[in-house]
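Structure record follows, encoded as structure tokens.
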Amino acid sequence: MHAADHYKEAERLMTICNSCRYCEGLCAVFPAMELRRSYENRDLDYLANLCHGCGACYVDCQFSPPHEFKVNVPRTLAQLRGVSYRSHAWPGFMRPMFDRNGLAIAVVTALSIAGFILGFALWHDPRVLFLGEGQFYRLMPHNVMAPLFGAAFLFSLLALGMGFRSFWCDIGARSVSAGSGGSLLQASRDAAALRYLDGGGVGCYNEDERPTDNRRLFHHLTFYGFLLCFASTSSGTIYHYAFDWPAPYGLLTLPKLFGIPGGIGLVVGSLGLIHAKLVRDRALMDPTKFGMDTAFLLMMLVTGLTGLLLMVLRETPAMGITLAVHLGAVFALFLTMPYGKFVHGIYRFGALALYAAERRLDRAAVPGAKRPS
Amino acid sequence: MDALDVLVVGGGNAALCAAIAARRSGASVMVVEGAPKFYRGGNTRHTRNMRCAHDTATQHLTGPYTEDEFLDDLLRVTEGNTDEQLARHMISLSKPMLDWIGEQGVRFQPSLGGTLSLGRTNSFFLGGGRAMLNALYLTAEKLGVQIQYDASVVALDVEDGRFKSATIRTVEGDKVVEAQSLVAAAGGFEANIEWLKEGWGDIADNFLIRGTPYNRGDVLKMLMAADVETIGDPTQCHAVAIDARAPKFDGGIITRLDCVVFGIVVNRNAERFYDEGQDFWPKRYAIWGRLVAQQPDQISWIIFDAKSLKMFMPSLYPPIAAQNVADLADKLGLPVEALEKTVRDFNAAVRPGTFDHTILDDCHTEGLNPPKTHWARRLETPPFYAYPVRPGITFTYLGTRVDREARMRMKGGLGAENMFAAGEIMAGNVLGKGYAAGIGMTIGSVFGKLAGEGAARHARG
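Residue numbers (the working numbering), protein chains in the order written: chain A, 2 to 374; chain B, 25 to 485.
Written out as structure tokens, the structure is:
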């Protein structure tokens, strides 16, 4: 189906849902829908990104398939989210990254890892890879590593920021001052707690009508694990430059105190989410996004796993290769953040901020100027 | 298989409350639901709230709703067509019911957008009726209730008011299931057009059925044949006007139209036939099914203009629109001159007033027959809109007579030994006429629990 078909289907569903409203108490999507009577594409982008995909409205709906009205809100909004990620990607020529995202991420990651292995080997004698001396910076001097990763990270921030700006304008965030402190605070709270990934209170739905899975828990582990790993890296950088205290760091230093639980969170969380995805009722999912979702989860898994492995294998001959894989994965992760599943977080945050503002004013936002196609 | 204590026929709110209550009383329980799993639950799938008495405001209810006020409401909507003793009994049991149903896993929320008038009296299910059903089924399964879908009862063996066995038909063939007690909670017969014709004649072919296609009244008919006493007008059903484009069955809440009071309603001859502004819509919506049923071809059109478009709850199908009345008539297939005349006459009869749809305002017609006594505004602002409407049947009133324990009564006045009834199949005991939002669920839950407990008590001695 083309994007236009997804929008048409979403509009049909929102018209049905707005006539029913039984799901109003389940999450933010339906109260936001009720503030409107008609749904143009930018309204639908907003509603799609507000949806956390918990599945409760599908399981609760008297009109879901096989009923002839075929109401499937979680899948339709998941499809629209895919459309919106693509259309807000910056720069525009990168949009095709979303077309076969699993493949694209895999290629970038493979190239990146190969690049690091090759780089280490060419820079020095290839044997340096297997020395097992426990010295990362003999393989890659810190003064090379930091600017390279810093540049990739800054580029990602810029691209993510531009994408977010496009989304933010489109959904009409300014028309209700969604950027105000109160809205941002509320959105931060809702995002930090994954308030709407709870099926209206009982947990979200995965295999069937029993709310059994722990997607929220695993998402927390992944997300906070990611943040801890980021804090670990940042603290290491500060130690290095501010205190002239080079790695490796002991167990009771900040990089380790952040990094070890962070790495464990990334590994356990991403494995849990991958498992949930594999057993999930296909009806609730956008089948074309399976590659994108799992690619991102695998990136998280590889990043966490190789990070932890590095700690264990640091003084063995396997260190060189492990470091190359770890750095390659992280580098690829930084580079592809604006062009993969990672963006769901920033658009959902934007949608939550808009929702907070709409609730406060009790009126719908006015979508921004027409988006260039 | 071990001897079964309680057989519950049906799969909606009443059936599940009975099954859970019987199981919690220690009985072994089997539920046979005629519908496939997705369509389980009869009309409960389409419900959204229940009306229970309560002494104080709660987390989800905005104020108290006393037993006396509940009874007054019931007497008013039924115009006295109720067994008052039984109604009082049910209302007093509705109080603890809110807690009990919550303990079975059903969750509540504040009243939905567009239903503020029910925020004090009615408890809304979080996620609606199917969510409620899902919770009840999960609880029943956890407790060890056996549940069979696609399982319809094709025969009942009843001797002198004593149930012995039922023949259950599934894809695997027929099998006879014996049980110590029977709970019949299999709904009414509104999806049985042939049966509806007995009361309405052939015009019933043009009725739409708002809910489940599985309520065909087979069990009710078997019980009647087994000399169970009936109650309720066999020819009557609850009928509202719904969008004529709705599917024949199961269109549910989203095909309803709340805009009659904002416009005029005309029949196939483009003539008005009733006062659209007689009273507030919640008090009058239930007469329009019958009114439309009396029109030629059982169809009518609600016509209004741009002023009113956003004043009522949206519905599934968009209104048919045109820039002038003649074009609208053309699109609707109505006689153009007749519709123009009807609109012209109506507009000419509208007196100036201050429009306010939240009160019985002073906007009315003069010298028009039938009049429009409130909310009458000229149809003059294009575009003009129309919704086609047909009678939509919600439920039937005929049912089995029961006592305070939900035990069926046999012809001749004696109580059945081991047969109980709950839900729509016996709603006519309390609700002989009319309707008030959420009362069907109250009847289902209260009598369901009573029936389950009574059936278990009988089975276990």
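For every residue, glycine included, the Cβ atom is placed at its ideal position computed from N, Cα and C.
A quick note: this is a predicted structure, and the numbers were derived from the prediction, not measured.
Buried or exposed by the 16-neighbour rule on C-beta atoms within 10 Å, applied to SER374 (chain A) = As a working mapping, residue 374 (chain A) is identified with position 373 in the first sequence. Because SER374 (chain A) carries a pLDDT of 40, less than 50, the predicted location of this residue cannot be relied on, and the following value inherits that uncertainty. If you draw a 10 Å sphere on the C-beta of SER374 (chain A), you find fewer than 16 other C-beta atoms in it, and that means exposed.
inquiry  = Could you tell me which whole alpha helix (DSSP H) segments of length 4 or greater appear in the segment 292-360 of chain A?
reply    = Within the segment 292-360 of chain A, the complete alpha helix (DSSP H) segments of 4 residues or longer fall at 320-337, listed in chain order.
Inter-residue spacing [alpha-carbon to alpha-carbon] between PRO237 (chain B) and MET114 (chain B) = Translated into positions along the second sequence, residue 237 (chain B) becomes position 213. Translated into positions along the second sequence, residue 114 (chain B) becomes position 90. When rounded, the separation of the alpha-carbon atoms in PRO237 (chain B) and MET114 (chain B) is 28 Å.
ask   = Which class does PRO373 (chain A) belong to by DSSP, given the choice of helix, strand or coil?
value = In the first sequence, residue 373 (chain A) corresponds to position 372, counting from 1. Model confidence at PRO373 (chain A) stands at a pLDDT of 43, short of 50, so the residue's coordinates are unreliable; what they give is reported in the following sentence. In the structure shown, PRO373 (chain A) falls within a coil segment according to DSSP collapsed to helix, strand and coil.
query = Can we say the segment 19-33 of chain A touches the segment 276-295 of chain B, given the rule of at least three CB pairs closer than 8 Å?
reply = Contact holds: three or more Cβ-Cβ distances are below 8 Å.
request  = Could you check what DSSP says for CYS261 (chain B) in three-state terms: helix, strand or coil?
outcome  = One-based indexing of the second sequence puts residue 261 (chain B) at position 237. The three-state reading of DSSP puts CYS261 (chain B) in strand, counting E and B together.
ask   = Within 9 Å (strictly less), CB to CB, does ASP21 (chain A) reach chain B?
value = The residue you call residue 21 (chain A) lines up with position 20 of the first sequence. Checking the sequence, you will find Cys at residue 21 (chain A) rather than Asp. Taking Cβ atoms only, chain B reaches closer than 9 Å to CYS21 (chain A), which makes this a yes.
query = Out of A:HIS220, A:ASP171 and A:PHE154, which has the shortest C-alpha to C-alpha gap to ALA193 (chain A)?
reply = In the first sequence, counting from the first residue as 1, residue 193 (chain A) sits at position 192. Cα-wise, what sits closest to ALA193 (chain A) is A:HIS220.
request  = Might you give, ordered along the chain, the residues of its own chain that have their beta carbon closer than 7 Å to the beta carbon of VAL269 (chain A), omitting 5 neighbours on each side?
outcome  = Numbered from 1 along the first sequence, position 268 holds the residue referred to as residue 269 (chain A). Around VAL269 (chain A), the same chain offers LEU222 as residues with beta carbons nearer than 7 Å, after the five sequence neighbours per side are excluded.
ask   = Counting contacts by CB-CB distance shorter than 9 Å, is GLY185 (chain B) in contact with chain A?
value = Residue mapping note: residue 185 (chain B) aligns to position 161 of the second sequence, counting from 1. Judged by the 9 Å Cβ criterion, GLY185 (chain B) is not in contact with chain A.
query = LYS334 (chain B) versus chain A: which residues are under 9 Å apart at the beta carbon?
reply = Looking up residue 334 (chain B) in the second sequence gives position 310. Proximity of chain A to LYS334 (chain B) at the Cβ level (cut-off 9 Å) is accounted for by ARG38, in chain order.
ask   = Mind checking if CYS24 (chain A) is an interface residue toward chain B, Cβ cutoff 9 Å exclusive?
value = The residue you call residue 24 (chain A) lines up with position 23 of the first sequence. So yes, CYS24 (chain A) belongs to the interface.
inquiry  = Is there a C-beta anywhere in chain A that falls below 9 Å from the one on MET465 (chain B)?
reply    = The sequence position of residue 465 (chain B) within the second sequence is 441, counting from 1. Under the Cβ criterion of 9 Å, MET465 (chain B) is not counted among the residues facing chain A.
inquiry  = Against GLY5 (chain A), what residues of chain B qualify as contacts under a CB-to-CB distance less than 9 Å, listed in chain order?
reply    = Residue numbering aside, residue 5 (chain A) sits at position 4 when the first sequence is read from its first letter. The displayed chain sequence assigns Ala, not Gly, to residue 5 (chain A). Residues of chain B whose Cβ lies closer than 9 Å to the Cβ of ALA5 (chain A) do not exist; the shortest such Cβ separation is about 19 Å.
query = Starting from ASP198 (chain B) and walking both ways along the beta strand (DSSP E), at which residues does that stretch end?
reply = The sequence position of residue 198 (chain B) within the second sequence is 174, counting from 1. ASP198 (chain B) -> beta strand (DSSP E) spans 197-208.
message = Closer than 8 Å between beta carbons: that is the criterion. Which residues of the segment 190-216 of chain A meet it against chain B?
response = Listed in sequence order: GLY201, GLY202, VAL203, GLU210 and ARG211.
task = Could you tell me which chain B residues have their CB closer than 7 Å to the CB of CYS62 (chain A), listed as they occur along the chain?
result = Locating residue 62 (chain A) in the first sequence gives position 61, counting from the first residue. Neighbours of CYS62 (chain A) on chain B, chain order: ARG154.
query = What's the gap between the Cα of VAL360 (chain B) and the Cα of ASP354 (chain B)?
reply = Here residue 360 (chain B) is taken as the residue at index 336 of the second sequence, counted from 1. Here residue 354 (chain B) is taken as the residue at index 330 of the second sequence, counted from 1. A direct Cα-Cα distance of roughly 6 Å separates VAL360 (chain B) from ASP354 (chain B).
task = Give a yes or no on whether the minimum CB-CB distance between ASP329 (chain B) and chain A is below 9 Å.
result = As a first step, residue 329 (chain B) is located in the second sequence; it is residue number 305 there, counting from the start. For ASP329 (chain B), the answer is no, since every Cβ of chain A falls outside 9 Å of its Cβ.
inquiry  = Taking 9 Å as the threshold (beta carbon to beta carbon), is GLY137 (chain B) in contact with chain A?
reply    = Counted from its first residue, the second sequence places residue 137 (chain B) at position 113. GLY137 (chain B) has a beta carbon lying within less than 9 Å of a beta carbon in chain A.
inquiry  = Count Cβ pairs between the segment 291-308 of chain B and the segment 434-452 of chain B that sit closer than 8 Å; are there 3 or more?
reply    = Below 8 Å, too few C-beta pairs join the segment 291-308 of chain B and the segment 434-452 of chain B to call them touching: fewer than three.
key: Neighbour flag for GLN133 (chain B) against chain A, beta carbons, 9 Å   = Translated into the one-based positions of the second sequence, residue 133 (chain B) becomes position 109. True, the Cβ-Cβ gap to chain A drops below 9 Å.
task = Kindly say whether SER339 (chain B), judged by its beta-carbon, lies nearer than 9 Å to any beta-carbon of chain A.
result = To locate residue 339 (chain B), count along the second sequence from 1; it is residue 315. Closer than 9 Å: yes.
key: Under 7 Å by beta carbon: chain A residues contacting THR271 (chain B)   = Stepping through the second sequence from its first residue, residue 271 (chain B) is reached at position 247. Correcting the residue identity first, residue 271 (chain B) is Pro in this sequence and not Thr. The contacting residues are GLU69.
inquiry  = Please state whether the Cβ-Cβ distance between TRP224 (chain B) and THR254 (chain B) is less than 9 Å.
reply    = Position 200 of the second sequence, counting from 1, holds the residue named residue 224 (chain B). Position 230 of the second sequence, counting from 1, holds the residue named residue 254 (chain B). For TRP224 (chain B) and THR254 (chain B), no; Cβs fall outside 9 Å.
inquiry  = Using CA atoms only, rank isn't needed, just tell me which of A:LEU27, A:MET15, A:LEU36 and A:ALA57 is closest to MET286 (chain A).
reply    = Numbered from 1 along the first sequence, position 285 holds the residue referred to as residue 286 (chain A). It is A:ALA57.
inquiry  = Among the candidates A:ILE347, A:ALA352 and A:ALA333, whose CA atom is the shortest distance from the CA of PHE154 (chain A)?
reply    = Position 153 of the first sequence, counting from 1, holds the residue named residue 154 (chain A). For the residues A:ILE347, A:ALA352 and A:ALA333, the minimum Cα distance to PHE154 (chain A) belongs to A:ALA333.
query = Leaving out five residues before and five after VAL303 (chain A) in sequence, what residues of the same chain have Cβ atoms less than 6 Å from its Cβ?
reply = Residue 303 (chain A) sits at position 302 when you count from the first residue of the first sequence. Here the set comprises ALA330.
task = Express the C-alpha separation of LYS71 (chain A) and GLN63 (chain A) in angstroms, rounding to a whole number.
result = Translated into positions along the first sequence, residue 63 (chain A) becomes position 62. Translated into positions along the first sequence, residue 71 (chain A) becomes position 70. GLN63 (chain A) and LYS71 (chain A) have their alpha carbons spaced roughly 10 Å apart.
task = Return the bridge partner residues of VAL413 (chain B) from the DSSP annotation.
result = As a working mapping, residue 413 (chain B) is identified with position 389 in the second sequence. Among the bridge pairs identified by DSSP, VAL413 (chain B) is matched with B:ASP267 and B:SER324.
message = If the criterion is Cβ atoms closer than 9 Å, does the pair ALA310 (chain B) and GLY458 (chain B) meet it?
response = In the second sequence, the residue the question calls residue 310 (chain B) occupies position 286. In the second sequence, the residue the question calls residue 458 (chain B) occupies position 434. By the CB criterion at 9 Å, ALA310 (chain B) and GLY458 (chain B) fall inside the cutoff.
Alpha helix (DSSP H) segment containing GLY116 (chain A), residue limits = Within the first sequence, the letter at position 115 stands for residue 116 (chain A). Segment 102-124, the alpha helix (DSSP H) holding GLY116 (chain A).
inquiry  = I'd like to check one pair, LEU51 (chain A) with LEU353 (chain A): are the Cβ atoms closer than 9 Å?
reply    = Within the first sequence, residue 353 (chain A) is the residue found at index 352, counting from 1. Within the first sequence, residue 51 (chain A) is the residue found at index 50, counting from 1. Closer than 9 Å, so yes.
ask   = Would DSSP call LEU40 (chain B) helix, strand or coil?
value = For the purposes of this step, residue 40 (chain B) is taken as residue 16 along the second sequence, with counting starting at 1. DSSP places LEU40 (chain B) within a helical segment (H, G or I) once states are collapsed to three.
Cβ neighbour criterion (16 or more within 10 Å) applied to THR68 (chain B) = On the second sequence, residue 68 (chain B) is found 44 positions in, with the first residue counted as 1. THR68 (chain B) is classed as buried because its beta carbon has at least 16 other beta carbons within 10 Å across all chains shown.
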